[in-house]
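Novice: Numbering-wise (the numbering used here), the sequence shown opens with residue 251 and increments by one. I have a structure here, written as structure tokens, and I will follow up with some questions on it.
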Amino acid sequence: MRVWAGLAVAVALAACGPKIEDLEKGEKGVAAEVRDGDTLVMDSGLVVHLAGVEAPGGDQPYAKEARAALERLVAHRKVQLAYGGEKRAREAALAQVYVQTEGGRWVWAQQALLLEGDVRVHTRRDNTARLAELAAAEDAARAGKRGLWADTFYAVRAPAQLARSVAETIADPACAAEIAEREAARAQRIAAGKAKPDAAAPPAPPTADDAAKGATPDEGPRRSRGRRDFMVVEGQVTSVADRERAVFLNFGDDISRDFGVMIGKDNLENFPGGVEALTALEGKTVRVRGSVPRCAKPLMRIDHAAQLVQVK
Numbered sequence: 251m252r253v254w255a256g257l258a259v260a261v262a263l264a265a266c267g268p269k270i271e272d273l274e275k276g277e278k279g280v281a282a283e284v285r286d287g288d289t290l291v292m293d294s295g296l297v298v299h300l301a302g303v304e305a306p307g308g309d310q311p312y313a314k315e316a317r318a319a320l321e322r323l324v325a326h327r328k329v330q331l332a333y334g335g336e337k338r339a340r341e342a343a344l345a346q347v348y349v350q351t352e353g354g355r356w357v358w359a360q361q362a363l364l365l366e367g368d369v370r371v372h373t374r375r376d377n378t379a380r381l382a383e384l385a386a387a388e389d390a391a392r393a394g395k396r397g398l399w400a401d402t403f404y405a406v407r408a409p410a411q412l413a414r415s416v417a418e419t420i421a422d423p424a425c426a427a428e429i430a431e432r433e434a435a436r437a438q439r440i441a442a443g444k445a446k447p448d449a450a451a452p453p454a455p456p457t458a459d460d461a462a463k464g465a466t467p468d469e470g471p472r473r474s475r476g477r478r479d480f481m482v483v484e485g486q487v488t489s490v491a492d493r494e495r496a497v498f499l500n501f502g503d504d505i506s507r508d509f510g511v512m513i514g515k516d517n518l519e520n521f522p523g524g525v526e527a528l529t530a531l532e533g534k535t536v537r538v539r540g541s542v543p544r545c546a547k548p549l550m551r552i553d554h555a556a557q558l559v560q561v562k
């Protein structure tokens, strides 16, 4: 039998009802369906994404286990939604979820799942409620190698593990397949009249030189439309480059292949201290979380401070 350490802690803190506190009370109902490890559907038909977390999905390792964990926790039980930021994302609710367990006790779903390693912290710039508590729960699960943290696929990566050159990317069979898929999709759009035969091929992902010049998705080489993996990376910032449109944190001396982090100037307001604080990270060890393209330069774009934590 699985030992729900997270559930035990959450129950102890929620014996008298949902601890909504500073959050805005939202809809209440029954969890009628669980779609994946971080999405449920209420009996009203409202689709609910668990705010602040992300579960493995698709064919990723631990995706089935994550879905089963959420189902065990909420299926056919009363749930109370609470909001601490943007309330909707693509017509679905983006909420903190509280579930009433046997005996009438209320459990904070995100915390319980994080403590068991069934999900990871993944905030949005418009929704960072309860971040400290979420991060603490994830830290506990990672330290205990519970759930997905027992799988090396989800291990905290070192920048050197992500380094790859353009030549290495092109030679990667998995990337060749992705490019072929994109071309096939483009051919279908042309056949359906949704694209012109002479339309430009999908743009190449930004190179290190383009990035150093401050290129953004709206200027110069556009962002790769290929698959991206959400991951946590920890390493030392070797240099910081303040460019016209963005600030870049470099994690190596060879920007043509080394991992880097990009913060667009339009998002600087989400980083306390702005450029000065980011520049001060040179030589410091940081932990960043976000998406990294599989078939392009290993460049992670982040847009709010919760994605970047100084470790030492």
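Using N, Cα and C, we set each Cβ at its ideal position, and we do this for glycine too. Keep in mind that this is a model prediction, so the values were computed, not measured.
Check the C-beta distance from V561 over to T535 and give it rounded, since I have them as a contact under 8 Å.
Specialist: 5 Å
Novice: As an exercise, report each continuous beta strand (DSSP E) stretch of at least 3 residues that is fully enclosed by the segment 343-430, in chain order.
Specialist: 356-358
Novice: Starting from the Cα of G514, find the closest Cα among G524, T402, I505 and give me that residue.
Specialist: Checked all of G524, T402, I505; the closest Cα to G514 is G524.
Novice: Report the residue ranges of all beta strand (DSSP E) runs contained in full by the segment 479-522; include only those spanning at least 3 residues, in chain order.
Specialist: 489-492, 496-500, 510-514
Novice: What is the DSSP secondary structure of Q560, reduced to helix, strand or coil?
Specialist: strand
Novice: Compare the beta carbon distance of E304 and R370 with 8 Å and say whether it is the shorter of the two.
Specialist: yes
Novice: Quick check: what's the CA-CA separation for R322 versus A282?
Specialist: 12 Å
Novice: If the criterion is Cβ atoms closer than 8 Å, does the pair A421 and E366 meet it?
Specialist: No, the Cβ-Cβ distance between A421 and E366 is not below 8 Å.
Novice: Taking just the CA atoms, how far does Q486 sit from V559?
Specialist: 12 Å
Novice: If we count the other Cβ atoms within 10 Å of its Cβ and call it buried at 16 or more, is Q330 buried or exposed?
Specialist: buried
Novice: Tell me, please, whether the segment 371-390 touches the segment 353-363 by the rule of three or more beta-carbon pairs shorter than 8 Å.
Specialist: yes
Novice: Could you give the uninterrupted runs of the alpha helix (DSSP H) lying entirely in the segment 297-336, keeping only those of 4 residues or more?
Specialist: Qualifying alpha helix (DSSP H) stretches, in chain order: 313-324.
Novice: Among Q346, L528, L499, D286, which one has its Cα closest to the Cα of K278?
Specialist: Q346
Novice: Residues in the same chain with beta-carbon distance under 6 Å from S541, minus the five sequence neighbours each way, listed in chain order, please.
Specialist: R478, F480
Novice: With 16 as the cutoff for other CB atoms within 10 Å, does D293 come out buried or exposed?
Specialist: exposed
Novice: Within a Cβ cutoff of 8 Å, which residues of the same chain sit near A427, ignoring the five residues on either side of it in sequence?
Specialist: none
Novice: Can you tell me whether K547 is buried or exposed, with buried defined as 16 or more other CB within 10 angstroms of its CB?
Specialist: Under this definition K547 is a buried residue.
Novice: For the candidate residues A496, E494, R495, V490, whose alpha-carbon lies nearest to that of V503?
Specialist: Residue identity check: residue 503 is Asp in the sequence provided, not Val. For the residues A496, E494, R495, V490, the minimum Cα distance to D503 belongs to V490.
Novice: What separation, rounded to the nearest whole angstrom, lies between the Cα atoms of P543 and L549?
Specialist: 7 Å
Novice: Just to confirm the assignment, what range does the alpha helix (DSSP H) spanning E526 have?
Specialist: 524-529
Novice: Determine the contact status of L296 and A343, defining contact as a CB-CB distance below 8 Å.
Specialist: Yes, the Cβ-Cβ distance between L296 and A343 is below 8 Å.
Novice: So does K444 have its beta carbon nearer than 7 Å to some heavy atom of the ligand NAP?
Specialist: Among the components modelled here there is no ligand, and therefore nothing to report on the ligand NAP.
Novice: My output table needs one value for R285: the three-state DSSP class, helix, strand or coil.
Specialist: strand
Novice: If you reduce the DSSP assignment to three classes, tell me which class E532 lands in.
Specialist: coil
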